[in-house]
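Student: Going by the numbering used here, the sequence shown opens with residue 58, and the numbers climb by one from there. Cβ atoms here follow ideal geometry from the backbone N, Cα and C, with glycine treated the same way. If you're wondering where the values come from, they're calculated on a predicted model, not measured in any experiment. This is the structure I want to talk about, given as C-alpha cells.
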Amino acid sequence: MTLTHLNARGEAHMVDVADKQESRREAVATGKISMQPETLALLSDGGLPKGDVLATARIAGIQAAKRTHELIPLCHQLMLSKVSIEFELDHTHSCVHVSARCRLNGRTGVEMEALTAVSVACLTLYDMCKAVDKGMIIGDIGVESKTGGKSGDWVRDDLNKVSSKALPESSLEKSAESQKTVTVLFFAELRERIGVEKLSVSLGDLGAPDIVSLKRWLTTRHTDFMALENPRILCARNQDMVSVDTMLKPGDEVAFFPPVTGG
C-alpha cells in the first residue's frame, strides 16, 4: 500500500485526478460534543445567550465543507451538489451527536469535506455554548461510510453493516441463525437516506426481541437511522407486513420501507 499524497521522492504533492472516471460520490461523517446536562437543557430550550445554536452550527458546517480545500493543503476544490448537517440531542448521555453528508458527481471523494463539516459544526456548538460551559469535549469524529470511486463502497465495521454482496443469501441466513441475529433491509428512498442496504443485528443487543426495540437500537446507534421514526415507514418480517410490537427470532429478515404509491 502506498500513500497517494507522496511522490516517488517522498515529497507531498497534490494528486492528479484528471484521468479518473467521474462517478456519484457520497460520504457520511459523525462526531459528538459532550456537555453538562444543564447546558444541553439550555440548548434544547433555546436559552443560550448567542441565540439559535443549531441553526448557526448547521450553516457553519455547510460553509466549512465547501471551503475544505482552503483548510487542508492537498485537497481539491470540489463542486459539492449536497451538504446536509443533522443534530441529535442525547439527554441520556448529555451530548449532541452531529452527522454530515456530502455528495457530488466528480473524480475524487468527499470524505474530507464530511469530516470538516462535522468538525466545524462541533466547534461552532462549543463557541455558541462556551459562555455557560467551558468544559465541553468534542470527540468520536470519523467517517461512517463512503460510496463511489475506484475503491468502491465502504462502511465502518463497528456499525455491523453488511454489504448485500458480502455473502450469498443462504449463507446470511445460516450466519444469522447461528449468531442469534436478524437481517435488516432498507428499501427505496429510505435506503438512499440512510445510505445502507442491509445489516445484521444481534438480538442480544436489543432490550427485547421485537421490532420496536430494534428500531430504538438503530436510532440510538446513528443519527441517520432517525428516519425510521417517521410514522409513514412500514415494516415487514419475512416478507409479511407486521406491526412494531411483532416479536423476532434468530434468522428473521426485517424490512423497512416507505409506502408504495402509484397504480
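Suppose you measure from the CA of residue 160 to the CA of residue 208; what does that come to, to the nearest Å?
Tutor: In a straight line, the C-alpha of residue 160 is about 16 Å away from that of residue 208.
Student: Between residue 114 and residue 185, is the Cβ-Cβ spacing less than 8 Å?
Tutor: Cβ atoms of residue 114 and residue 185: closer than 8 Å.
Student: Taking the alpha-carbon positions, what's the residue 162 to residue 249 distance?
Tutor: Cα to Cα, residue 162 sits roughly 16 Å from residue 249.
Student: Starting from residue 118, trace the alpha helix (DSSP H) both ways and give me its first and last residue.
Tutor: Residues 110 to 123.
Student: Residue 267 bridges to which residues according to DSSP?
Tutor: For residue 267, which the question treats as bridged, DSSP gives the partners 304.
Student: In this structure, does DSSP put residue 143 in helix, strand or coil?
Tutor: Note: residue 143 maps to strand in three-state DSSP.
Student: If distances are taken between C-alpha atoms only, which option among 105, 154, 140 and 170 comes closest to residue 125?
Tutor: Nearest C-alpha to residue 125: 170.
Student: If we ignore side chains and look at the alpha-carbon of each, how far apart do residue 255 and residue 99 end up?
Tutor: Each residue's alpha carbon lies about 38 Å from the other.
Student: At which residues does the alpha helix (DSSP H) containing residue 96 begin and terminate?
Tutor: First-last of the alpha helix (DSSP H) with residue 96: 94 to 102.
Student: By DSSP, does residue 223 sit in helix, in strand, or in coil?
Tutor: No answer about residue 223 holds up, because its pLDDT of 39 lies below 50 and its placement is not dependable.
Student: Using only the alpha-carbon positions, how far apart do residue 245 and residue 258 sit?
Tutor: C-alpha separation (whole angstroms): 21 Å.
Student: Just checking my contact of residue 166 with residue 278 at CB under 8 Å: how many whole Å lie between their CB atoms?
Tutor: Actually they are not in contact, since the Cβ atoms of residue 166 and residue 278 sit about 24 Å apart, beyond 8 Å.
Student: Which same chain residues end up closer than 6 Å to residue 111 when comparing Cβ atoms and leaving out the 5 residues on each side of it in sequence?
Tutor: 144.
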